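Trainee: First residue of the sequence shown? That's 21 in my numbering, and the numbers climb one at a time after it.
All C-beta atoms, glycine included, are put in the ideal place defined by N, C-alpha and C.
Since the structure is predicted, the reported quantities are computational estimates derived from the model, not experimental observations.
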Amino acid sequence: MKAIVYTKYGPPDVLQLKEVAKPTLKDSEVLIKIYATTVNRTDCGFLRAKPFIVRFFSGLIKPRNTILGNEFSGKIEAVGKDVMSFKVGDKVFGYNGDDFGAHAEYMTMPEEGSLTTMPENLTYEEVVPSTEGVHYAYSDIKAANIQKGQKVLINGATGAIGSAAVQLVKNIGAEVTAVSNTKNVDLVKSLGADKVVDYEKEDFTKDDQTYDVVFDAVGKSSFAKCKSLLKPRGIYLSTELGYMSQNIFLALITPLFGKKKVLFPIPTINKKDIIFFKKLIEAGNLKPVIDRCYPLEQIVEAYKYVEKGQKTGNVVITLEHTNEI
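1) So is Val108 buried or exposed if we call it buried at 16+ other beta carbons inside 10 Å?
2) Measuring CB to CB, does Ile255 end up less than 9 Å from Leu283?
3) Can you grab the Cα-Cα spacing for the pair Ile337 / Tyr126, in whole Å?
4) Quick one: what's Ile52 bridged to in DSSP?
5) So, at 7 Å on beta carbons, what are the nonlocal neighbours of Asp47 in its own chain, with the 5 sequence-adjacent residues on each side left out?
6) From Leu233 to Ala213, what distance separates their C-alpha atoms?
7) With a 10 Å radius around its C-beta and 16 neighbouring C-beta atoms as the bar for buried, classify Ala180 as buried or exposed.
8) Beta-carbon within less than 7 Å of Pro275's beta-carbon, same chain only, minus the 5 sequence neighbours each way: which residues are those?
9) How many angstroms separate the CA atom of Gln170 from the CA atom of Asn90?
10) Select from Leu45, Gly193, Tyr26, Val309 the residue whose C-alpha is nearest the C-alpha of Thr178.
11) Within 10 angstroms of its Cβ, does Gly262 collect 16 or more other Cβ (buried), or is it exposed?
12) Exposed or buried, what is Thr202 when buried is set at 16 or more other beta-carbons lying within 10 Å of its beta-carbon?
13) Could you tell me how far apart the beta carbons of Val335 and Thr58 are, in whole angstroms, since I believe they sit closer than 8 Å?
14) Distance check for Leu45 and Cys246, CA to CA, integer angstroms please.
15) Between the region 22-40 and the region 72-84, are three or more C-beta pairs nearer than 8 Å?
16) Hey, is Val233 close to the ligand GDP, as in C-beta under 8 Å from one of its heavy atoms?
17) Between the region 135-142 and the region 281-300, are three or more C-beta pairs nearer than 8 Å?
18) Closer than 6 Å by C-beta to Ile268: which residues in its own chain qualify, once you throw out the five before and the five after it? Chain order, please.
19) In whole angstroms, what is the alpha-carbon distance linking Lys70 and Asp63?
20) If we require 4 or more residues per run, which alpha helix (DSSP H) segments fall completely within the region 153-199?
21) Is it buried or exposed for Glu302, if we count other Cβ within 10 angstroms and need 16 for buried?
22) So, is Ser183 buried or exposed, given that buried needs 16 or more other C-beta atoms within 10 angstroms?
23) Reducing DSSP to helix, strand and coil, say where Thr57 ends up.
24) To the nearest angstrom, how far is it from the Cα of Lys168 to the Cα of Glu195?
25) Do Leu51 and Ala124 count as a contact pair if the criterion is CB distance below 9 Å?
26) In whole angstroms, give me the CA-to-CA distance for Gly193 and Asn305.
27) Going along the chain, which residues of its own chain have a beta-carbon closer than 6 Å to the beta-carbon of Ala198, five neighbours each way excluded?
28) For Glu152 versus Asn290, is the C-beta distance shorter than 9 Å?
29) When DSSP labels each residue in this structure, what does Ser134 get in the three-state scheme?
30) Pick helix, strand or coil for Tyr219, following the three-state DSSP scheme.
31) By a C-beta neighbour count over all protein chains shown, 10 Å radius and 16 as the cutoff for buried, is Asp33 buried or exposed?
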């Protein structure tokens, strides 16, 4: 099968399109023919092994898993003898942040892994970017215990995490102020934002409004800059470690010394979450935002584009199965 392989950490140019063996199916697994995947911030972080802590999960000197890709959509090609909930031909989507492997024509997943059947109202390309950014946003929203009627500011509302966060928070019934660039103001409004701050025209940290939660979905602000935006018991969330990993440190000490606090939850995802995301999609309450699509053969260009940090929503990779092995 065709796969995008990397045997050393580095820039996108270390990625190579190769013919590799199709994965071996275990009794409790399904074999998935991949029709679409994505390139996202998680993939880029593991490609370069940055921040350094990534190496403790992926390999200190070189990557243990040589095929990246955590989001996938495709069709069940085969099932192990113990699999009961899937059958050959089922269309599925999901997330594999442990072993990756979706940047290939085939991958295996445990039956009880983070996957489920696809919503009927979306194509492979449309549904595939509905797990990576969504689960990061969902983990932070749960940790902050955002409630109906609260006021939430989301910085970076046009990225994979931010665009998902706007929709998830609105689904709860909270009031959303979203921070966006000029060209995406209308897009963010269409996702449900009650108010949009154009950061190219004004500094959102100087807003005179206060919020129950400030969620930095791109990690480009800081608790110090956003503290004045928080209500007396407000919460600051960021998807990044921050300067000198300050957000981990602040998450430990701010609950002890002040009413305003930083949370830095470890994101998790499971089958139950994927099923929940599917229900939101089917109900029209979650629509993955897609910036552009690339064929698998142009994945290096896709990585380079994502690394610019200017994508709107998600970057999708499509696969064609013409010369299957």
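Mentor: Working from what's here:
1) The sequence position of residue 108 within the sequence shown is 88, counting from 1. By the Cβ neighbour-count rule, Val108 is exposed, with fewer than 16 other Cβ atoms within 10 Å of its own.
2) Position 235 of the sequence shown, counted from the first residue, corresponds to residue 255. Position 263 of the sequence shown, counted from the first residue, corresponds to residue 283. Yes; because the gap between Cβ atoms is below 9 Å, this pair is in contact.
3) Mapped onto the sequence shown, residue 337 falls at position 317. Mapped onto the sequence shown, residue 126 falls at position 106. Using only the alpha carbons, I get a separation of about 14 Å.
4) For the purposes of this step, residue 52 is taken as the residue at position 32 of the sequence shown. The partner list for Ile52 (beta bridge, DSSP) reads Ile96, Met127.
5) Working through the sequence shown from its first residue, we reach residue 47 at position 27. These residues qualify, in order along the chain: Gly100, Lys101, Asp102.
6) Position 213 of the sequence shown holds residue 233. Position 193 of the sequence shown holds residue 213. Sequence check: residue 233 is Val here, not Leu. Straight-line spacing of the CA atoms in Val233 and Ala213 works out to 15 Å.
7) Taking the sequence shown and counting its residues from 1, one reaches residue 180 at position 160. Per the 10 Å Cβ criterion, buried.
8) Residue 275 sits at position 255 when you count from the first residue of the sequence shown. Here the set comprises Lys281.
9) Looking up residue 170 in the sequence shown gives position 150. Looking up residue 90 in the sequence shown gives position 70. The alpha-carbon separation between Gln170 and Asn90 amounts to approximately 33 Å.
10) The count along the sequence shown starts at 1 and reaches residue 178 at position 158. For Thr178, the nearest C-alpha among the options comes from Val309.
11) Working through the sequence shown from its first residue, we reach residue 262 at position 242. The Cβ neighbour count for Gly262, taken over all protein chains shown within 10 Å, is at least 16; the residue is labelled buried.
12) Within the sequence shown, the letter at position 182 stands for residue 202. Of the other Cβ atoms in all chains shown, fewer than 16 fall within 10 Å of the Cβ of Thr202; this residue is therefore exposed.
13) For the purposes of this step, residue 335 is taken as residue 315 along the sequence shown, with counting starting at 1. For the purposes of this step, residue 58 is taken as residue 38 along the sequence shown, with counting starting at 1. Contact flag correct, Cβ pair sits at about 6 Å.
14) Walking along the sequence shown from the start, residue 246 turns up at place 226. Walking along the sequence shown from the start, residue 45 turns up at place 25. Cα to Cα, Cys246 sits roughly 49 Å from Leu45.
15) Yes, they touch.
16) The ligand GDP is not part of this structure, which contains no ligands at all.
17) The region 281-300 and the region 135-142 touch, with three or more beta-carbon pairs separated by less than 8 Å.
18) As a working mapping, residue 268 is identified with position 248 in the sequence shown. Apart from the 5 residues on each side of it in sequence, Ile268 sits with its Cβ closer than 6 Å to the Cβ of Phe284 in its chain, given in chain order.
19) Counting from 1 along the sequence shown, the entry for residue 70 is found at position 50. Counting from 1 along the sequence shown, the entry for residue 63 is found at position 43. Using only the alpha carbons, I get a separation of about 10 Å.
20) Runs of alpha helix (DSSP H) with 4 or more residues, each lying fully within the region 153-199, are found at 180-192, listed in chain order.
21) Position 282 of the sequence shown holds residue 302. When all chains shown are included, Glu302 counts as exposed.
22) Position 163 of the sequence shown, counting from 1, holds the residue named residue 183. It counts as buried.
23) As a first step, residue 57 must be located in the sequence shown, where it is residue number 37. DSSP, reduced to helix, strand and coil, places Thr57 within a strand of the structure shown.
24) If you number the sequence shown from 1, residue 168 lands on position 148. If you number the sequence shown from 1, residue 195 lands on position 175. C-alpha of Lys168 to C-alpha of Glu195: approximately 8 Å in a straight line.
25) The residue given as residue 124 occupies position 104 in the sequence shown. The residue given as residue 51 occupies position 31 in the sequence shown. Between Ala124 and Leu51, the CB-CB gap reaches or exceeds 9 Å.
26) By 1-based counting over the sequence shown, the position of residue 193 is 173. By 1-based counting over the sequence shown, the position of residue 305 is 285. Their backbone Cα atoms lie some 12 Å apart in a straight line.
27) The sequence position of residue 198 within the sequence shown is 178, counting from 1. Closer than 6 Å at Cβ, skipping near neighbours: Ile174, Ala177, Val186, Val208, Ala213, Val216.
28) On the sequence shown, residue 152 is found 132 positions in, with the first residue counted as 1. On the sequence shown, residue 290 is found 270 positions in, with the first residue counted as 1. Contact flag unset, no.
29) Locating residue 134 in the sequence shown gives position 114, counting from the first residue. Reduced to three states, the DSSP call for Ser134 is coil.
30) For this step, residue 219 is matched to residue 199 along the sequence shown. Here Tyr219 sits in coil by DSSP.
31) The sequence position of residue 33 within the sequence shown is 13, counting from 1. With fewer than 16 Cβ atoms within 10 Å of its Cβ, Asp33 is classed as exposed.
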